[in-house]
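Asks:
Chains as they are written, first to last, in the numbering used here: chain U, 622 to 866; chain Y, 622 to 866; chain X, 622 to 866; chain B, 622 to 866.
1. Given that a residue counts as buried once 16 or more other Cβ atoms are within 10 Å of its Cβ, and exposed if not, what is residue 780 (chain B)?
2. Let me know if residue 663 (chain X) comes out buried or exposed under the rule of 16 or more other beta-carbons within 10 Å of its beta-carbon.
3. Count the CB pairs spanning the region 682 to 692 of chain Y and the region 727 to 736 of chain B that are closer than 8 Å, and state whether there are at least three.
4. Between which two residues does the alpha helix (DSSP H) harbouring residue 681 (chain B) extend?
5. Just to confirm the assignment: which complete beta strand (DSSP E) runs, minimum length 3, are found wholly within the region 701 to 747 of chain U?
6. Please confirm whether residue 660 (chain Y) has its beta-carbon closer than 8 Å to some beta-carbon of chain B.
7. Distance, Cα to Cα, residue 628 (chain U) vs residue 774 (chain U)?
8. For residue 661 (chain Y), report the span of its alpha helix (DSSP H) as first-last.
9. So, are the CB atoms of residue 694 (chain X) and residue 724 (chain X) less than 8 Å apart?
10. Are there 16 or more other CB atoms within 10 angstroms of the CB of residue 825 (chain B), so buried, or fewer, so exposed?
11. Does any residue of chain Y bring its CB to less than 8 Å from the CB of residue 789 (chain U)?
12. Among Y:819, Y:835 and Y:829, which has the Cα closest to the Cα of residue 712 (chain X)?
13. Anything in the region 746 to 774 of chain Y with a Cβ closer than 9 Å to a Cβ of chain C? List those residues in chain order, please.
14. Consider the Cβ of residue 701 (chain Y): report whether some Cβ of chain B lies at a distance smaller than 8 Å.
15. Mind checking which residues open and close the beta strand (DSSP E) that includes residue 790 (chain B)?
16. Anyone know if the C-beta pair for residue 643 (chain Y) and residue 765 (chain Y) falls short of 8 Å?
17. Would you identify the three-state DSSP class for residue 627 (chain U), choosing helix, strand or coil?
18. Should residue 836 (chain B) and residue 794 (chain B) be called a contact, given that it needs their Cβ atoms to be closer than 8 Å?
19. Classify residue 654 (chain U) as helix, strand or coil using the three-state DSSP reduction.
20. Using beta carbons (cut-off 8 Å, strictly below), is residue 842 (chain U) in contact with chain X?
21. State yes or no: is the beta carbon of residue 707 (chain X) nearer than 8 Å to at least one beta carbon in chain B?
22. What does the Cβ neighbour count give for residue 722 (chain X), buried or exposed, with the cut at 16 atoms within 10 Å?
23. Cβ closer than 8 Å: which chain U residues qualify as neighbours of residue 799 (chain Y)?
24. Enumerate in chain order the residues of its own chain whose CB-to-CB distance from residue 670 (chain U) is below 8 Å, with the five nearest sequence positions on each side excluded.
25. Verify whether the separation of the beta carbon atoms of residue 758 (chain Y) and residue 648 (chain Y) is less than 8 Å.
26. Shorter than 8 Å from the beta carbon of residue 704 (chain X) to some beta carbon of chain U?
27. Would you identify the three-state DSSP class for residue 691 (chain X), choosing helix, strand or coil?
28. Beta-carbon of residue 647 (chain U) versus every beta-carbon of chain X: anything under 8 Å?
29. Taking all protein chains shown into account, do 16 or more other C-beta atoms lie within 10 angstroms of the C-beta of residue 737 (chain X), making it buried, or fewer, making it exposed?
30. Identify the continuous beta strand (DSSP E) that holds residue 819 (chain X) and give its terminal residues.
31. Starting from the C-beta of residue 727 (chain U), find all residues in its chain whose C-beta is less than 7 Å away, skip the five residues before and the five after it, and write them out in chain order.
32. Assign residue 756 (chain B) to one of two classes, buried (16 or more other C-beta atoms within 10 Å of its C-beta) or exposed (fewer than that).
33. In whole angstroms, what separates the C-alpha of residue 802 (chain B) from that of residue 833 (chain U)?
34. Cβ of residue 737 (chain X) less than 8 Å from any chain U Cβ?
35. Should residue 612 (chain U) be flagged as near chain X, meaning a C-beta pair shorter than 8 Å?
36. Roughly how many angstroms separate the alpha carbons of residue 745 (chain B) and residue 634 (chain Y), rounded to a whole number?
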């Protein structure tokens, strides 16, 4: 390897850590802010995430104002089907406590989800793995995924890696992600910023959403796409030619 | 089932076959127009696809004029690694003849691919399965996938089903897809139009691409996206703050 | 194409339609036998599937006797989040009636699901698309997927295509799959048998499961895998060295 | 978060870091040991990985003796198609130097690949993302993936996370993975061992492969699977009833 050189020196020489940049159609992703990870008094794998939740809530407000959609995830398994979680509980037996309908899979009550924010149940670390999240985002014309929640070294990081792979710009507001220990949190923020997405301040993320709001170009616009083709569609052959609802 | 009722009657009652419609940022996909499927004198699984190739070439010209990217696929396997094709050759032993570097995996010489059109090597029916095509399309802001090539009942259909799933509007110009027998070709066009994508005439597809050209809103625009956020990005923290190339 | 030659002649010449064959660790998949597709009096997209359900139930009994797991799917969308279904309702507006918690997404009461059979909610045609089904099957050592349910030309076919791609042998017992019209049903059985999986009789499928039972080699065995390595694992370094539960 | 508690204390309390354990049918994965990552004199993102290559070669020998397949990956992009790499080069411009056919995408000449070891070209960090690796492994009956190569905090880690998700037991021999700096290397080994796979010593990994060899239960056996069903398959209906080759 590097013979002990400081990682920042090594990475600068490699020119890692450039900016992926912001797109025009962001979505906000709130990862796993469920009781099992936010209530240390109830779960041994939870952390103190009050400040993370507060930051996520500020971003939720800004996203709504900008017309950007929000998606939530929780991890939950069917308690009657031990193989629902695959091999993962072999590494982390606590996963068996995250049962559908149980207390530990409910969103933390401090999190301000609206009923129209889609809640995805996932089985693995990445919010994209084994879910239809990539489809949802592409269908809606999203180009940027702001990732919040927990844990930084687990589900947030895996989600960021997949978001980039699926073609969406990952943005991680530092104050809006948390972990159960400081060291993995900081190590993963470093790796994410070096290689997969932009780690930014909460203020910068809020300013970006505010700009979108002012120019009225948030993701809501995506709904208006496709009109050129449709307006002019002359003679669509096929089973039925009903006008589109 | 339906007690023998005509499928068109049944499907109209079910209100299947509505229009998915055109988006603003199309890509053209040319599926498996390789010698192994287009040269009956060389391959027992090939069909007479001269007219299909001609139609695909017309669409390629229109797509280039509109600034829309084109992607090509071929099926090819490593002849030294029998498991490269997984279980599929058990159903179709001819797949073993599609070897990397061999004659049957070359594009038909009549197909007008440009060197800058990406050629994807795939292993299964869908152009999305086991490839990074969904990532390519989302990263480029594509919202519509025009599918051409062969075979209608095989790789074209599987590609259309996945395109819809991944969030892209599938458009199938009827003259630009072909099969090795008429019946599966027609049956799959019916199913595609009823449930997964819009089967249109070549003329309609060309007219759509011409409209895009005139309004200058083709996929090339996607390259310009993201400037709002970037222009204003104030203080990106992280490993390195170099200006984006 | 083929200049009008019969598809069977063309396909025999191409040597399509070989056998994928049975493996030793099957799973039974029951696709979309929900009220919305099985109760014509309630849903315009439903078909008369009583015989299909009876066949699926016979296979369920045989699978349980052989120790093979069963997985069920339904299509259901969040009624509060219109984009949960992506672009698909543009083709089939009836999909909007398949709402989480609604009557049309309940399994048909004639279907004999056990509480320990995992029920997957899917959003698209294939049972693998946007779900963790491939992970479930691989983690359990499954090598064969017997596909039942509806519709043959829709979700059954898409599931078969993906099953083969993900490395599982697709087996389709003819009497246990159905569609809303005969023609697409037969056309897809032909295509599936020619290219993606083995279409077999219900009796053959039952006989296969009975053989597995007698030799005690059903998927249940998979649970016993891994003991060689584990028994001898000497000194696992890492965070914790607790013996595996 | 944890108020500064040591991560080992926090993780032990959470009972993270249990053993995923070994299966019976391993595959060896050699990730990205290409010149661009192993020759610091040629590439600013490379590290000194001679010891890692030596360890990987020892594992390759042991895997071959045990009949376990080996798969190799390299990252390579089409230099004529800038969007082949999607958004990733925005974070790491060096990725643009990894061009198909170029020197930096060749395997390091010290790596002992056999021509029959499949070489996968990937576009993103995980060896599973946008490739057919999961299909290859499932089709062959693999249950365990031993991951070697580089970089620990990048492609190795992402591959391990996906391997677990897809249902394969990830095993990481510590001496056979490397990175361009020590700190990310150690941080990712900690996270992997805590949450996704077993980090073991090279000697333990070699001993596991040697045991498999002695009991003759390596992955090669998988080729023999399926005979129960096939031997007895009575009357397979369909297009063609040819005996399986």
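Even for Gly, the Cβ is constructed at its ideal location relative to N, Cα and C.
Keep in mind that this is a model prediction, so the values were computed, not measured.
Replies: Here's the rundown:
1. buried
2. exposed
3. no
4. 671 to 686
5. The beta strand (DSSP E) runs of length 3 or more contained entirely in the region 701 to 747 of chain U are, from start to end of the chain, 739 to 743.
6. No, because no Cβ of chain B sits closer than 8 Å to the Cβ of residue 660 (chain Y).
7. Cα-Cα distance, rounded: 18 Å.
8. Neither: residue 661 (chain Y) is in no alpha helix (DSSP H) and is coded neither H nor E.
9. no
10. buried
11. yes
12. Y:819
13. Note that chain C does not occur in the displayed structure, where the protein chains are U, Y, X and B.
14. Taking 8 Å as the CB threshold, residue 701 (chain Y) lines the interface with chain B.
15. 790 to 794
16. yes
17. It is coil, neither helix nor strand.
18. Result no, Cβ atoms of residue 836 (chain B) and residue 794 (chain B) do not sit closer than 8 Å.
19. coil
20. Any reading at residue 842 (chain U) must be qualified, since the residue scores a pLDDT of 47, below 50, and its modelled position is unreliable; the value itself is stated next. Not an interface residue.
21. no
22. exposed
23. Taking a Cβ-Cβ threshold of 8 Å, none of the residues of chain U is close to residue 799 (chain Y); the smallest such distance is about 17 Å.
24. Correct list, in chain order: 654, 658, 659, 729, 771 and 799.
25. yes
26. yes
27. For residue 691 (chain X), the secondary structure class from DSSP, reduced to helix, strand or coil, is strand.
28. no
29. exposed
30. 819 to 821
31. 655 and 656
32. buried
33. 38 Å
34. It does: the Cβ of residue 737 (chain X) has a partner Cβ on chain U nearer than 8 Å.
35. Beyond the ends of chain U as shown, which are 622 and 866, falls residue 612 (chain U); an answer cannot be given.
36. When rounded, the distance between both Cα atoms is 46 Å.
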